[in-house]
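So the sequence lines, in the order shown, correspond to chains L and S. Residue 232 in the numbering used here sits at position 232 of the first sequence; the count goes up by one each step and never skips. Take the position in the second sequence, starting the count at 1, then add 1000; the result is the number in the numbering used here. Below is one structure, written out as structure tokens; comments come after it.
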Amino acid sequence: MTAIEVKRASAREKKKNRWKRYFPVYLMILPGLLYLLINNYIPMFGVIIAFKKLNFSEGIFGSPWNGLDNFKFLFATNDAWVITRNTILYNVAFFVIGTVSAITLAVLINEIRSKFASKAYQSLTLLPFLMSWVVVSYLGYAFLSSETGLINNSILQPLGKESINWYMDKTYWPLILILVNTWKGIGYSMIIYLASIVGINQDYYEAATIDGASKWKQIRHITLPLLKPTFITLFILAVGQVFRSDFGLFYQMPQNSGALYSVTRTLDVYVYQALLRNSDYGMSSAASFYQSIVGFVLILAANFFIKKYNRENALF
Amino acid sequence: MKKAIALVLVAALSALTACSNNAKDSKGAQEGSTAEEIPTIVWQYPTPGNLGSGFQEVEDAFNAMLEKDVGARVKFEPVGLSESTKKASLAVASGEPLDIMLTAFTSLGPSVDSGMIVPLDDLLEQQGKDIKEQAGVLLDGAKYDSKTYGVPPVYIKGNTYGYLARTDLLQKYNITIDPEKKYTMDDLDEIFAKVKAGEGKDFYTTIPWNTTQDPLNNSYIEYDKVTGSLAAGVLMLNRGFDDTTVSNLFATDEYATYVNKMYDWAKKGYISSDAAITKQSPDSLLATKKYLGMFYWNDRLSASSKSAASGIEFTGIPMIEPYVSNNGGQGIMWNITSSSQHPEKAMEVLNYIYKNKDAAWLLQFGLEGKSYKVLEQTDEGTSIEFMDPDTSKLPYYQGYGIYGNRLQWPVVSPEPINKNKVLKEDDDNIPQSRYSPALGYSFKQASVSSEIAAVSTVIEQYTPAFNSGALEPSKSLPEFLNALKSAGIDKIIQENQKQLDEWKQSNGK
């Protein structure tokens, strides 16, 4: 036996050993993998429906191909630009405003000494997150309705100002949507940041206190920098969602008012409206395929920039 | 230890797969045995939500009749009226059993193009003789590409529309309605002005229907939606019943006049400013007593039946002379799915509710003595009364009039017992000169389906706001028309016109 052969054999032996050693671990992955495969990967074959003229009697594979015809309706109107713009801009605004307010709130709640008060604030801010959009939309309606709404009847009129027909006037809606979304989502993202803050080693703060750093300085130079990994992970996740939108927010909240479409319609809402009447699976698949592709490209792009900036925090 | 865990996992996994295998086997066996005896026909059952405690009882009673006379059973599949097509497409795509589905107020095109439903001509010939005999020309409305795909409930052919106004308010302001006259928007304007001036703020004279895109809920002018949708143009029958030019309704002068009027009405406070977005049904709005009335179907008896149903006294204000158009077959009809294992039996079951009017009554009104009682029975018809005036408290109540031949149904008191005869007479009196020239024509939409999807969204965006006068027409109407144009409405109308001309030629009209 030459030295090389011995080496090879031992390498083989090692591999075999490792396989043996980790076999139970692999086995434990199995159910999870199966789940992913069945739930997330196998349905992907359905993407071919986007390129077919689906006929039930011939089945998915038997239906004739029709190229990019299913995608045409997305770009048939100037709406394509409007809805793409709305979807992206709203998501950017939601992320920036949502993150800033969530981190601020998390830092503030972390500073509260009374355990009861801190838990109470957490629960109160989380409460809207647990509400259904339909309920929220009617809360909104109670404020904004032009006949019976609180704002028109109890604020604007007593002040001698003219009533506003909120659901017909699109000027205010970008603001309303951002406000409502932040109000509803802040509790949830606050908890994620709060969890990371609690996990920061107290030694840093002790050292800083001994060095005479003020609370503000501690927050700026310890808390915020150490939140960066959490922030980046959430950022990448948000980027992946940039082409999806919260259907409840954009459809329920404006009460599906046509006059507001140019500022409230996002891709999801548009697809829903377009296909509500004629349930065409081809066009629906085409639209969600378009969403996925753009979302994928955006994730790659975001990861690329993060990698350039900080290799450690990149996802891959 | 590790080995033990691995074993447990393997055991769990194999147990799982074994379970699913077993389930499959037992299901297969079950299906096999019932198929040999009597087939079960799965039939969509439209409902707004609550089925009532007597639903099963009615289904059982119907099955007892069917087993004896047809040799089949049915299983009703409750579904929302507006989502019946979507639910059916899911069932057909996923292989869930479904035999008879409902098409309600949408065109047949997508269901036919996607192979979801089968043509019924042969089945009607063999198993559907009573349907053919009773429905007659109504079956023309269920045609697509010259084949019949649907079975409609039998009723009158004519369209008659108008405005239903609360009688107490008309009396209060000394307004008399001439039932022979056809009222225009300007005539109504005068009535509205009087009532509004007397009732003041927070009172409105009309409810725009958010579920329909048609101006004044069809009461404005006569037109034939030859494809079943405004997206593909209409025949402007108000200009003449022999004209077969397909027009874009929204670009007509008539429509411009209409939207200006609505804007004017909204400004005068005749229409609530939340009207375009309200989710409340017209009936529940009327019950608030803050409304004078609404634009509505208005045959000779509809005001009295609406009064009977709602407990509010109404007077019908006629606006449109009765006319016949098939609106692209848009309406309610039953279809047989392509996944049905027993299409012949399904047709036999459908035919049964036309052949045996007791079966239709059972499905429509429930069991006698439990849901309704018979008040009077004469040669002209049967008069019944619900056991409880609040229909939501009945053990069984089907709010949609969909089963069998409606002209053979009993009438609900206090409607006149000869209602069906009166309606039929009026219907037969509509002169041929008020029949749409496109009866029997159907539009094949496959080549422009993406344009239709785009145009429909534009229409949905603008019409609720126009119908409630919430948009300023001078600015928004041109915007709307531009949006329609860029979504491709001209291409659809052109295609529609081409097909209509070909159909006319081949039918020698």
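Just so you know, even glycine gets a beta-carbon here, dropped at the ideal spot from N, CA and C. From a predicted model like this one, the values you see are computed outputs, not experimental measurements.
Between S:ILE1489 and S:LEU1230, the C-beta spacing is not below 7 Å. For the pair of segments examined, the segment 1314 to 1322 of chain S was found to touch the segment 1161 to 1171 of chain S: the number of CB pairs separated by less than 8 Å reaches three.
The straight-line gap separating the alpha-carbon atoms of S:THR1244 and S:ASP1501 is approximately 8 Å.
Annotated three-state conformation of S:LYS1143 is strand, per DSSP. Listed in chain order, the alpha helix (DSSP H) elements of length 4 or more contained wholly in the segment 242 to 306 of chain L are 261 to 264 and 267 to 277. S:LYS1196 and S:PHE1466 have their C-alpha atoms spaced approximately 21 Å apart. Put simply, of S:ASP1140, S:THR1457 and S:SER1506 the residue whose alpha carbon is nearest the alpha carbon of S:LYS1485 is S:THR1457. Here the segment 1055 to 1064 of chain S makes no contact with the segment 1093 to 1109 of chain S; the two share fewer than three CB pairs at distances below 8 Å. Looking at the DSSP output, L:PRO225 sits in no beta bridge, so it has no partner there. Distance between L:ASN181 and L:GLN252, taken at the CA atoms: about 12 Å. By the Cβ criterion, the segment 46 to 56 of chain L is in contact with the segment 64 to 74 of chain L, since at least three pairs of Cβ atoms, one from each stretch, lie closer than 8 Å. The C-beta distance from S:GLY1158 to S:VAL1324 rounds to 5 Å, short enough to meet the 8 Å contact threshold. Residues of chain S with a Cβ closer than 7 Å to the Cβ of L:LEU156 do not exist, since the nearest Cβ in that chain sits about 14 Å away. Within the segment 1455 to 1486 of chain S, contact with chain L at the beta-carbon level (separation under 8 Å) is assigned to SER1456, THR1457, VAL1458, GLU1460, GLN1461, TYR1462, THR1463, PRO1464, ALA1465, ALA1470, LEU1471, ALA1483 and SER1486. At a cut-off of 7 Å between beta carbons, L:ALA76 contacts chain S. Going by C-alpha positions, S:ASP1069 is about 13 Å away from S:ALA1346. Listed along chain S, the residues sitting closer than 9 Å to L:MET283 by beta-carbon distance are SER1449, SER1450 and ALA1453. Counting along the chain, the unbroken alpha helix (DSSP H) around L:THR182 starts and ends at 173 to 198. In this structure L:PHE250 is not in contact with L:VAL271, their Cβ atoms being roughly 12 Å apart against a cut-off of 8 Å.
For L:GLY98, the enclosing alpha helix (DSSP H) covers residues 79 to 111.
Annotation for S:SER1383: the continuous beta strand (DSSP E) segment containing it runs 1381 to 1386. Using a Cβ-Cβ cut-off of 7 Å, L:ALA50 does not count as an interface residue toward chain S, since no Cβ of chain S sits closer than that to its own.
Annotation: the segment 1429 to 1500 of chain S contains the following complete segments of the alpha helix (DSSP H) (minimum length 4 residues), in chain order: 1449 to 1467 and 1473 to 1487. Between L:ALA102 and the set L:GLY59, L:PRO31 and L:LYS184, the nearest pair of CA atoms involves L:LYS184. S:VAL1070 carries a coil assignment under DSSP once its states are collapsed to helix, strand and coil. For S:ASP1168, no Cβ of chain L is located within less than 7 Å of the residue's own Cβ.
DSSP places S:GLN1377 in the strand class (E or B) of the three-state scheme. S:GLY1071 counts as exposed, since fewer than 16 other C-beta atoms from the protein chains shown sit within 10 angstroms of its C-beta. For S:PRO1153, the closest of S:ASN1218, S:ASN1482 and S:GLY1136 by C-alpha to C-alpha distance is S:GLY1136. Residue S:THR1148 holds the alpha-carbon nearest to the alpha-carbon of S:TYR1441 among S:LEU1362, S:ALA1470, S:THR1148 and S:SER1413. In summary, L:TRP216 is exposed, with fewer than 16 beta-carbon neighbours lying within 10 Å of its beta-carbon over all protein chains present. Within chain L, the C-beta atoms nearer than 7 Å to that of S:GLY1115 come from ASN55, PHE56, SER57 and GLU58, in chain order. In the structure shown, the three-state DSSP call for S:PRO1318 is strand. Using a 10 angstroms sphere on the CB of L:SER114, the tally of other CB atoms stays under 16, which defines it as exposed.
Contiguous beta strand (DSSP E) elements confined to the segment 1339 to 1425 of chain S occur at 1372 to 1378 and 1381 to 1386, taking only those with 3 or more residues.
Taking C-beta separations shorter than 8 Å and ignoring five residues to either side along the sequence, the partners of S:ASP1264 in its chain run GLY1469, following chain order.
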